[in-house]
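A.B. asks:
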Amino acid sequence: MDAIIREAARLDPDVTFRASKSHTHYTWAKTFQSRPELYLRPQNLEEIQKIVNLARRCRRRIVVVGCGHSPSDLTCTSSWMVNLDDFSRVVKVDKQKKTLLVQAGIRIRQLNKEANENGLTIPNLGSIDEQSIAGAISTATHGSSLKHGLLSDNVRSLQIVLSNGRAVRCSNEQNQDLFRAGLISLGALGIITEIEYQMTEACNIEWTQTLLPLSDVLNRWETTLWTEREFTRVWWMPYMKRAIVWSAEKTPKPLCPPKYSFYGGPVGFHTYHTLLWVSNYVPWILPSVEWFVFGMQYGFKTGKSTTGVEPLQHGLLMNCLYSQFVNEWALPLEKGPEAIGRLSAWINNEPGSDIPFSANGLYVHCPIEVRVSDTSRNNEPRPFLDNTNANGPTLYLNATLYRAYLNDPPCRDRYYEAFEWLMRDLGGKPHYAKNFMYTSSEQMQSMFGENLTKWAKIRDEADPKGMFLGEWHQRTLGLGKDAKFALSEHEVSRNNARNGGKIWVGEVRESSQSDVRDAFTDTKIDSNVSEASSDYKPISPSASSASSFDMIHGAEAEKSTVFNLEDGEEESGDETDKGQK
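For the sequence shown, our numbering gives the first residue as 26, with consecutive numbering after it.
1) Between which two residues does the alpha helix (DSSP H) containing H295 stretch?
2) Over what stretch of residues does the alpha helix (DSSP H) that includes E71 continue unbroken?
3) Please state the DSSP three-state secondary structure of N423.
4) Please say whether S513 and R484 have beta carbons closer to each other than 8 angstroms?
5) Rounded to the nearest angstrom, how far is the Cβ of P282 from that of T331, given a contact under 8 angstroms?
6) In terms of residue numbering, what span does the alpha helix (DSSP H) encompassing I29 cover?
7) Are the Cβ atoms of R254 and A227 separated by less than 8 angstroms?
8) With respect to the beta strand (DSSP E) encompassing H94, which residues constitute its N-terminal and C-terminal limits?
9) Report the option in L431, T276, S170 and R396 whose CA atom is closest to the CA atom of V303.
10) With distances taken between CB atoms, is the gap from I133 to D154 smaller than 8 angstroms?
11) Over the uninterrupted beta strand (DSSP E) stretch that includes L512, give me the two end residues.
12) Give, in chain order, every unbroken run of the alpha helix (DSSP H) that is at least 4 residues long and sits entirely within the region 133–164.
13) May I have the straight-line CA-CA distance separating S398 from I162, to the nearest angstrom?
14) Since L208 is in the alpha helix (DSSP H), which residue starts that stretch and which ends it?
15) Which runs of the beta strand (DSSP E) fall wholly inside the region 368–431 and span at least 3 residues, in chain order?
16) Please list, in chain order, all residues of the same chain as G366 whose beta carbon is under 8 angstroms from its beta carbon, the five residues on each side excluded.
17) From the DSSP output, read off the bridge partner residues of A355.
18) Drop a sphere of 10 angstroms on the beta-carbon of Q121, count the other beta-carbons inside from all chains shown, and report buried for 16 or more, exposed for fewer.
19) Just to confirm, are L356 and M472 a CB contact at a threshold of 8 angstroms?
20) Could you check which residue in H50, R86, L79 and R258 has the C-alpha nearest to that of H94?
21) Work out the CA separation of V334 and F493 for me, nearest whole Å.
22) State the start and end residues of the unbroken alpha helix (DSSP H) segment that holds Q473.
23) Buried or exposed for G144, please, with buried defined as at least 16 other CB atoms from any protein chain shown within 10 angstroms of its CB.
24) Can you tell me which residues form a DSSP beta bridge with P238?
25) So, are the CB atoms of Q135 and G91 less than 8 angstroms apart?
26) Work out the CA separation of E247 and G361 for me, nearest whole Å.
27) Between which two residues does the alpha helix (DSSP H) harbouring L337 extend?
28) Thinking just about the alpha-carbon of each residue, which of T299, W354 and G289 is nearest to the one in E344?
29) From R191 to A415, what distance separates their C-alpha atoms?
30) Is the distance from the Cβ of A443 to the Cβ of F382 below 8 angstroms?
31) Below 8 angstroms on the Cβ atoms is my contact criterion, and I expect S188 with D488 to pass it. Report the Cβ-Cβ distance as a whole number of Å.
32) Measuring alpha carbon to alpha carbon, tell me which of W316, T252 and I230 ends up nearest P263.
33) Does DSSP put D111 in a helix, a strand or coil?
34) Cβ atoms of L183 and I216: under 8 angstroms apart, would you say?
35) What's the C-alpha gap between E359 and V270?
36) Using only the alpha-carbon positions, how far apart do P148 and S45 sit?
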């Protein structure tokens, strides 16, 4: 550690290195925890670049985290963890274009607050607004509307700091391949530092939620269910064979909060939590728990409705309640009735599921969330790792399991194995930030095909040594296993934590606590990109240099780079290293 401190003092001494050695990282759901060697909170671009350049010299991996809302080990590391909460300003507001240029650490809640002050708001949201905007777009976050796609569909440009410390801008017009890779980067491309985001005029939405028989939902599936209003989502209760349909439309009406329900507050929250905990020991009570809890909150008879008028940025959100596992998949919308019918048959031990796993003695939690999007109408080039249906609307099925008082439910393994098998059988693809557990990297490669290959190629050129690759990327996508990825991190152990969840421990391939190298042989970033070209041009994998990355930022780098700089944009990089031998 002393060697790292000395190197930090030598490298760009005028740039602050804000590091802590005593941080423990927890996912929001407390499913995983890890102890990074250093926890870093930079406040400006220069500090971010110093972190990257120092990590490269010290042979460390970098993980960027926000709220840690992914319940998987995607954000776990024993190396260096970067949090951008202090890098979260609004840089520019363009009221004419209705865009905001923001630093990547800004949370969606704060982004909407700043946008509202200028009469704007985010066009579509997922269930929460606690994530950073960079984290939300990097994992293919979505809402529920056939008039909207992924949150990343509204990104107009990105700035990314790559593993050589250089800040590069990209968009559909400039460095397009890098842009398409960065829109869903999974944290493996570099550190996203700025995002230009398309907003819409601030407005209210009027919403209605109604308890209906599941048969009514399925009967309306191909007619008005998803198209009657701009936003629609469904919570399906599998044992009662009912569903809550929530739908909303923009409105000029004034705010009108929903009627108060004593059970919809702390009473219902703690009652359901306690009953879920009891069900870990007597799981056969879960059908009765579903009937009681959701009957108390939404009514015991179908047809009951609740309405309200809220600002769009509040009305689209929902309370995620407790620590949870979430396993969500995207599949063609037309597969919905079959998917729900077969899963319902399996959960209820009825014929017709054609799922090759037994459900005997298995009881699951509710509700199962049903949402939609449509990215097929977007004519602009799609993210390489887009998991939506390319040929029409997309359905999302989310099998949530609550960890009552941080205890894992006994049904998880068998339920998720069967659920994932069914989703694959119907041509589905998993949500990256969630807990898919029984799908191999080979199956993922088959699902994404050439797009995954292209993304991996661009990723490898932007980060030749694997500074941003971890165990999750290796296990899930088959990346970073090659010895050339010297800075990639692999899992050493995961052990039970006293407060639930797992303690994750990793190790960088070529790292030790005292290993600091001033220079090392690395892949040289080079290409023949002309000033007029806006495309990312891949380099030959055999291109190499006896110089270290640190030497790339001298005069040679000004003419040798795979990325174009915008007119008037200052070339950013490891300034201290310029001219060093």
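A virtual CB, placed ideally from N, CA and C, is assigned to each residue, including glycine.
C.D. replies: Result, derived from the coordinates:
1) In the sequence shown, residue 295 corresponds to position 270, counting from 1. First-last of the alpha helix (DSSP H) with H295: P291 to S304.
2) Here residue 71 corresponds to residue number 46 of the sequence shown, with the count starting at 1. L70 to C83 is the span of the alpha helix (DSSP H), which, as asked, contains E71.
3) Locating residue 423 in the sequence shown gives position 398, counting from the first residue. Three-state result, N423: strand.
4) Here residue 484 corresponds to residue number 459 of the sequence shown, with the count starting at 1. Here residue 513 corresponds to residue number 488 of the sequence shown, with the count starting at 1. For R484 and S513, no; Cβs fall outside 8 angstroms.
5) Residue numbering aside, residue 282 sits at position 257 when the sequence shown is read from its first letter. Residue numbering aside, residue 331 sits at position 306 when the sequence shown is read from its first letter. No, P282 and T331 are not in contact; Cβ-Cβ is about 11 angstroms, not under 8 angstroms.
6) Counting from 1 along the sequence shown, the entry for residue 29 is found at position 4. Its alpha helix (DSSP H) spans residues D27 to R35.
7) Mapped onto the sequence shown, residue 254 falls at position 229. Mapped onto the sequence shown, residue 227 falls at position 202. Cβ distance not < 8 angstroms, so R254 and A227 don't count as in contact.
8) As a working note, residue 94 is residue 69 in the sequence shown. First-last for H94: undefined, no H or E at that position.
9) The residue given as residue 303 occupies position 278 in the sequence shown. Closest by alpha carbon: L431.
10) Counting from 1 along the sequence shown, the entry for residue 133 is found at position 108. Counting from 1 along the sequence shown, the entry for residue 154 is found at position 129. Against a cut-off of 8 angstroms, the Cβ pair of D154 and I133 comes out as a contact.
11) Working through the sequence shown from its first residue, we reach residue 512 at position 487. Per DSSP, L512 belongs to no beta strand (DSSP E) and is neither H nor E.
12) 133–141 and 158–163
13) Against the sequence shown, residue 398 aligns to sequence position 373. Against the sequence shown, residue 162 aligns to sequence position 137. Near 15 angstroms, if we compare the C-alpha coordinates of I162 and S398.
14) For the purposes of this step, residue 208 is identified with residue 183 of the sequence shown, where counting begins at 1. Residues Q201 to L208.
15) 393–398 and 419–427
16) On the sequence shown, position 341 is the one that residue 366 refers to. For G366, where only same-chain residues beyond five positions count, the Cβ hits under 8 angstroms are L243 and G377.
17) Indexing the sequence shown from 1 puts residue 355 at position 330. A355 pairs with Y421 and K454.
18) What you label residue 121 is simply residue 96 of the sequence shown in a count that begins at 1. Its Cβ having fewer than 16 others within 10 Å, Q121 is exposed.
19) Residue numbering aside, residue 356 sits at position 331 when the sequence shown is read from its first letter. Residue numbering aside, residue 472 sits at position 447 when the sequence shown is read from its first letter. The answer is no: Cβ separation not under 8 angstroms.
20) Walking along the sequence shown from the start, residue 94 turns up at place 69. Ranking H50, R86, L79 and R258 by Cα distance to H94 puts H50 first.
21) The residue you call residue 493 lines up with position 468 of the sequence shown. The residue you call residue 334 lines up with position 309 of the sequence shown. C-alpha separation (whole angstroms): 43 angstroms.
22) Position 448 of the sequence shown, counted from the start, is the residue given in the question as residue 473. Residue identity check: residue 473 is Phe in the sequence provided, not Gln. Unbroken alpha helix (DSSP H) run through F473: S466 to A487.
23) If you number the sequence shown from 1, residue 144 lands on position 119. Exposed: under 16 other Cβ atoms inside 10 Å.
24) The sequence position of residue 238 within the sequence shown is 213, counting from 1. DSSP output for P238 lists R267 as bridge partner(s).
25) Your numbering for residue 135 matches position 110 in the sequence shown. Your numbering for residue 91 matches position 66 in the sequence shown. For Q135 and G91, no; Cβs fall outside 8 angstroms.
26) The residue given as residue 361 occupies position 336 in the sequence shown. The residue given as residue 247 occupies position 222 in the sequence shown. Their Cα atoms are separated by approximately 10 angstroms.
27) The residue given as residue 337 occupies position 312 in the sequence shown. Unbroken alpha helix (DSSP H) run through L337: L337 to G340.
28) Walking along the sequence shown from the start, residue 344 turns up at place 319. The identity of residue 344 in the sequence shown is Asn, whereas the question assumes Glu. That would be G289, whose Cα lies nearest to the Cα of N344.
29) Within the sequence shown, residue 191 is the residue found at index 166, counting from 1. Within the sequence shown, residue 415 is the residue found at index 390, counting from 1. Whole-angstrom Cα-Cα distance: 33 angstroms.
30) Here residue 443 corresponds to residue number 418 of the sequence shown, with the count starting at 1. Here residue 382 corresponds to residue number 357 of the sequence shown, with the count starting at 1. Contact flag set, yes.
31) Numbered from its first residue, the sequence shown carries residue 188 at position 163. Numbered from its first residue, the sequence shown carries residue 488 at position 463. That belief holds up - the Cβ atoms of S188 and D488 are roughly 4 angstroms apart, short of 8 angstroms.
32) By 1-based counting over the sequence shown, the position of residue 263 is 238. For the residues W316, T252 and I230, the minimum Cα distance to P263 belongs to W316.
33) The residue you call residue 111 lines up with position 86 of the sequence shown. Looking at D111 - three-state DSSP - the assignment turns out to be coil, as it is neither helix nor strand.
34) Numbered from 1 along the sequence shown, position 191 holds the residue referred to as residue 216. Numbered from 1 along the sequence shown, position 158 holds the residue referred to as residue 183. Cβ atoms of I216 and L183: not closer than 8 angstroms.
35) In the sequence shown, the residue the question calls residue 359 occupies position 334. In the sequence shown, the residue the question calls residue 270 occupies position 245. So the two alpha carbons sit approximately 18 angstroms from each other.
36) Start at 1 with the first residue of the sequence shown, and residue 148 comes out as number 123. Start at 1 with the first residue of the sequence shown, and residue 45 comes out as number 20. Spanning the two alpha carbons is a distance of roughly 37 angstroms.
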